[in-house]
Amino acid sequence: MPSNRVLTGSRAMVEAIAHEMRADPKVLVMGEDVGAYGGIFSSTTGLLDEFGEERVRDTPISETAFIGAGVGAAMAGMRPIVELMFVDFFGVCMDAIYNMAAKNTYFSAGHCKVPMVLMTATGGGYDDGGQHSQTLHATFAHLPGMKVVAPSNAYDAKGLMTSAIRDDSPVLYMFHKGLQGLAWMAAPEGASAEVPEESYTIPFGEARVAREGSDVTIVAISMAVHHALAAAEALAKEGADAEVIDLRSLVPLDREAVLRSVAKTGRLVVVDEDYRSFGLTAEVITSVVETDPGLLKSAPRRVAFPDVPIPYARPMEQFCLPDPGKIQAAVAQTLGKVPA
Amino acid sequence: MPSNRVLTGSRAMVEAIAHEMRADPKVLVMGEDVGAYGGIFSSTTGLLDEFGEERVRDTPISETAFIGAGVGAAMAGMRPIVELMFVDFFGVCMDAIYNMAAKNTYFSAGHCKVPMVLMTATGGGYDDGGQHSQTLHATFAHLPGMKVVAPSNAYDAKGLMTSAIRDDSPVLYMFHKGLQGLAWMAAPEGASAEVPEESYTIPFGEARVAREGSDVTIVAISMAVHHALAAAEALAKEGADAEVIDLRSLVPLDREAVLRSVAKTGRLVVVDEDYRSFGLTAEVITSVVETDPGLLKSAPRRVAFPDVPIPYARPMEQFCLPDPGKIQAAVAQTLGKVPA
Amino acid sequence: MQPSKEQLLWMYAVMAKARYYEDTMAQAYMEGKSPKFDIGAGPVPGEMHLAAGQEPCAAGVCVHLRRDDTVTATHRPHHVAIAKGVDLNKMTAEIFGKRTGLAGGRGGHMHLFDPATNFACSGIIGESAGPATGAGLAARLQGTDAVAVAYLGEGAANQGAFHEALNLAALWQLPVIFVIEDNAWAISVAKDKSTAVADNSLRAKAYDIPGVHVADNDTLELFKVAGKAVKRARAGGGPTLIEVETYRYYGHFQGDPEVYRPKDEVSGLKARDPILRLRKHMLGKTDIREAEVEQALAKARAEVDAAFEFARKSADPAPEDALQHVFA
Amino acid sequence: MQPSKEQLLWMYAVMAKARYYEDTMAQAYMEGKSPKFDIGAGPVPGEMHLAAGQEPCAAGVCVHLRRDDTVTATHRPHHVAIAKGVDLNKMTAEIFGKRTGLAGGRGGHMHLFDPATNFACSGIIGESAGPATGAGLAARLQGTDAVAVAYLGEGAANQGAFHEALNLAALWQLPVIFVIEDNAWAISVAKDKSTAVADNSLRAKAYDIPGVHVADNDTLELFKVAGKAVKRARAGGGPTLIEVETYRYYGHFQGDPEVYRPKDEVSGLKARDPILRLRKHMLGKTDIREAEVEQALAKARAEVDAAFEFARKSADPAPEDALQHVFA
Ligand SMILES: Cc1ncc(C[n+]2csc(CCOP(=O)(O)OP(=O)(O)O)c2C)c(N)n1
Ligand SMILES: Cc1ncc(C[n+]2csc(CCOP(=O)(O)OP(=O)(O)O)c2C)c(N)n1
Ligand SMILES: [Mg+2]
Ligand SMILES: [Mg+2]
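As given, the protein sequences belong to chains A, B, C and D, one line each in that order.
Take the position in the first sequence, starting the count at 1, then add 3; the result is the number in this note's numbering.
Take the position in the second sequence, starting the count at 1, then add 3; the result is the number in this note's numbering.
Take the position in the third sequence, starting the count at 1, then add 496; the result is the number in this note's numbering.
Take the position in the fourth sequence, starting the count at 1, then add 496; the result is the number in this note's numbering.
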């Protein structure tokens, strides 16, 4: 693969969508500002020009209607990709998502399929306040019937999107704004990646070992993977060798990958930008201890957003967000370096 | 207290509401069929007759509007009690709940208060299908800014409702249909209870030891408490002495009570009617092990609804629901009686 | 536009079948639930919303539909499912929660899904509007002249989903017909306690589409109105909103104490029963013979009896099958 | 109904203050964000939606309001907050994310809450409608003649919350005025690509309430229309829906590439600037003297400059204070 193929997350997403739209006339895109604007977070840049207004549809601010329409179109043989601009807006349209898209397959014993991708922007760190900065991984992963994916880099972004579009079940595709490589928002090094031009898929439920290590397992997803990797580098200098697991999807959840790693390291830190309680961190930790609490040589730690709405002022939001420093501190605790 | 004061859950709720309405003209009730019908699950029986149409308001099927109106009325000095008929319907109005009611206090640094009670019916077991049988505890407990309570008996139902109405923060009051003591739906013995005539409060975040025991801790909430108690009785016959903790509220969550009990028993089973993954069971288990994994002598177990939509047919729904037998089996595993 | 003899007989048969279906279901549902009503007992699980009295809404619209047209119905779906041609055995078995049901008992009375006839329904008020709009969009993108019909109760016309879907369908000029079954009640809440306008068809003005009101549960009038709307939609003329004044004979659900409505309301309505009125019309105003009508009636009843027989005889699902079909 | 001299001067001062506020904010916002725009840099955090051009919507309505009346605004709230009398220092400090802000920096630009003036706003489209309806209900239950005003953009008129709240307010005849600021755009989506009717005031028919359209961003016309609506609401006459044709000078948010709108659109709009038109009216058609106008202008600008000064000088919040005030 030519090394000039380093793409941003958004370019990678768009490439996957465009490829599927070329290959399959049943694929269409709907959402607010997905046309001329190209998606507020550049998730649809250029699609209108190539595919036209019939297949790339700007919608009114009517999430209940256009996501419901996505379900209806999917059941009628189309493969809609629908954008919910910010995941924070789920509250105005959750019924169409969790009670319809996610359940119609079950209610019909699989006789009806809902091959819809709902893509939505997540995450904070750029001071956008409490209704535009949430992650809400667990809000969706807790409810049955949706596959839930959250890529951490451009390579996965393309492969997971291709898999999502080809999946006959509804897939919630959660992309972190800070990983899109937008000209106007800082992104971590490593969010952009070499991306093959040809189409490829990444299976759901297969975590990726982002960094091998032997002393402690750091489990993360989406943006948190980059914080985990940065922490691991810093820890290496202190002589601690951390393994970093990128879950890539919440549903299905690759519990085996976590167990394999913890069986090796005996120590566990789980990092998530979503709210702390009743979230991903608890699910991962419980998945380990319910299998065998003996695997853990020390108390597991979670690094997540505290149970408070997301504050607007930078110092307060940064205080709450996971970051490499907080992860290092948590790892240090699991290593018994500091009092828990 | 006269022993002829054994009330059903619904009677106890209504008594608390009526008492507060008499004491405080700011309290009103809004929702679908809360007037002449008295609430589909008898949560408002008789209130219309006593307080009239201005304070007991039947609404259109417009949850977004009337819950949003509840928020506005609360911020304008009223103390609305709003009913969402089934918790399953949250999808059409979650924005008003989690983005407004739950966040306006924070967004105003407490200068604005939202003293609203949102009461809603939860739970299955009577074959009502996948859009009318959910529990969804974690869906609300995961999101900051709401207190979330779920009584298991009439005594708690009254005390928690009184506390909820008097609280200056939004409170989600989740009552299980099967605990209401409805003439047309079976309820477990123990759901009805002796209830003092006079008004009293129960603080949020204080779990109740429903049964003392020394061998294993069974943590539950709402309907699951009754399954846990039944399992404990059966286990006693087999010589296992189970302690049953009724959490009573999810937010705040009484982690200390769980830790105290597990410190004594060394074994943990968590029971919840809500979906299994990313839920209450994982949060409780993690709260223990992140404090000290050494507390556990065996792998903790969860008994919860599997990650599938709720099936309609009785044999399939019963297969999925927590029950005493499943809890006994889980306890047996923690006691090492059977291979995990 | 006058219905042909075949259309009249078809509508009559559908309405008679739907009526007999609901009356039969009312009986079956109460088995094991009386004398003391216990929702968790008896052969028929769950809640039960019956549509006796509302048959015109089903027959008068679906008579104009093809198999490839989509219908999304409500929590009160039986009459519409029957009119759309959903397999009566599988549907009844589903309502009985049996292995042979449309979804093997996973969905149930409020969740009848039949890809063979493009029929679906839902237990959430207003949920029919979005998917019908999407089916209309699919037809347009697939280049067919199929249409979609969304059924809603008059109570649903105050749900946000109704507004959003009508605007979207009108904006995109999609082939969707929105049919409001105004049975005057949303559980215990009367229309004038829920809706700021007396007639929901007025709301079509908010979307610049045709809105038509059909009074007095009139099958023949609805036949005309719906025929025009379907024709218009097929021709690319966009959506229509129709409100039908209809009657609800049973309670909101079986077991409804009905404390909220006057005891004599239903008897008053039954005096204008739409099936009897249609029969009267057929025998009085057309050359249809009583024998033909009786034959249609007998056939309809036989099919219903057979369906209940099939459902009762069918096996329960295996409990552990609850775990299947979460994903495609 | 003609505005008094005081009312004219008040509206002019509010509009001039709002305009100067937005222009000043536009500058401050870009500090540290140019040459390369980085949303996370500079003294002003987050997104920034400015309302320059939309001042009539704020002044022409709020001139009729009292302190005890409630206003719920949108994600584009500054002009309305200023018209309602929100403390400019605290508001600006909040937008700068400072400790001295309305909420100590927890809320920010889209979440300005001021119990002193009963003002609130929100970042979710349509979220203003429900709470205003509730404030109207509270006024009625408390026996006062206070009213509530909900602001919405024209794009919000297609959100379910809009429909539900209008029906509820109309049904209960609550003292609520719904004001749609039609600035022709919802981010990049033009009104005719989002809304099936050209004029949202038509939608009042769906709720049997008065609907009024105010053309061409006309402050004086809106003054009349809003005055009537507020009077009606105070008198128990129920809600009114008003759509105001207004202008958006800046992009949707600062940093908006505006690829979607013709380059000359804004210059065309500015030729009809509502503040200049109001000034012309005051000087031409009333006995208000230029000196009075200039004085009002100078005072407004001084207040804005002082507020920015206050905000810039104020301290950042303590990071750990993020954990406070989740509950009352
Ligand atoms: C979003 C939502 N809110 C409330 C309910 C509970 N509910 C079920 S049927 C019903 C009344 C519906 O009235 P209408 O739309 O007129 O239909 P009808 O029952 O009269 O056929 C209500 C409130 C629901 N299922 N979904
Ligand atoms: C429910 C919801 N959907 C989408 C958005 C994203 N969004 C923010 S502003 C906006 C456009 C709003 O247009 P309009 O209502 O006309 O107000 P304007 O920006 O023109 O003042 C959109 C789509 C949102 N904040 N909330
Ligand atoms: Mg009805
Ligand atoms: Mg606009």
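For each residue, glycine too, the CB sits at the ideal point set by N, CA and C.
Given the structure is predicted, the values throughout are model-derived calculations rather than measurements.
8 Å Cβ cutoff, residue i in contact with chain A
i	result
residue 281/B	yes
residue 310/B	yes
residue 24/B	no
Bridge-paired residues (DSSP) for residue i
i	result
residue 267/A	Note: residue 267/A sits in no beta bridge, so no partner.
residue 82/B	30/B
residue 677/D	649/D, 740/D
residue 278/A	308/A
residue 610/C	615/C
residue 3/B	Lying outside 4 to 343, the shown extent of chain B, residue 3/B is not represented and no answer is given.
residue 175/A	121/A, 151/A
Buried versus exposed, by CB contacts within 10 Å (16 or more), residue i
i	result
residue 328/A	exposed
residue 245/A	buried
residue 260/B	buried
residue 523/C	exposed
residue 789/C	buried
residue 158/A	buried
residue 4/B	Confidence at residue 4/B is low in this model, with a pLDDT of 45, below 50, so its placement is unreliable and the value that follows should be read with caution. So residue 4/B counts as exposed.
residue 276/A	buried
residue 614/D	buried
residue 759/D	exposed
residue 222/A	buried
residue 25/B	exposed
residue 772/C	exposed
residue 532/C	exposed
residue 101/A	buried
Any C-beta of chain C under 8 Å from that of residue i
i	result
residue 32/A	no
residue 70/A	yes
residue 656/D	yes
C-beta atoms of residue i and residue j nearer than 8 Å
i	j	result
residue 282/B	residue 179/B	no
residue 768/D	residue 110/B	no
residue 742/D	residue 549/D	yes
residue 272/A	residue 330/A	yes
residue 37/A	residue 61/A	yes
residue 572/D	residue 547/D	yes
residue 672/D	residue 682/D	no
Min CB distance residue i to chain B below 8 Å
i	result
residue 147/A	yes
residue 684/C	yes
residue 602/D	yes
Residue i at chain D interface by Cβ criterion, 8 Å
i	result
residue 693/C	yes
residue 161/B	no
residue 4/A	Only weak support is given to the placement of residue 4/A: the predicted model assigns it a pLDDT of 45, under 50, and the value that follows is read from those uncertain coordinates. It does not: the Cβ of residue 4/A has no partner Cβ on chain D nearer than 8 Å.
residue 57/B	yes
is_contact[residue i, chain G] using C-beta, thresh 8 Å
i	result
residue 819/D	Considering every chain present, this structure includes no chain G. Its protein chains are A, B, C and D.
### Query
What are the complete beta strand (DSSP E) segments, minimum 3 residues, inside the region 283-341 of chain B?
DSSP runs (the beta strand (DSSP E)) wholly in the region 283-341 of chain B: 304-308.
### Message
In chain order, what are the residue ranges of uninterrupted beta strand (DSSP E) at least 3 long that sit wholly in the region 51-131 of chain A?
### Response
Runs found: 59-61, 82-89, 120-125.
### Task
Quick one: which unbroken beta strand (DSSP E) runs of 3-plus residues sit fully inside the region 187-256 of chain B? Chain order, please.
Unbroken beta strand (DSSP E) runs of no fewer than 3 residues, entirely contained in the region 187-256 of chain B, are found at 211-214, 219-223, 245-249, 252-254, following chain order.
### Message
Tell me which residues pass a beta-carbon proximity test against ligand 5: closer than 6 Å to any heavy atom, given in chain order.
### Response
This structure simply doesn't include ligand 5; it includes ligand 1, ligand 2, ligand 3 and ligand 4 instead.
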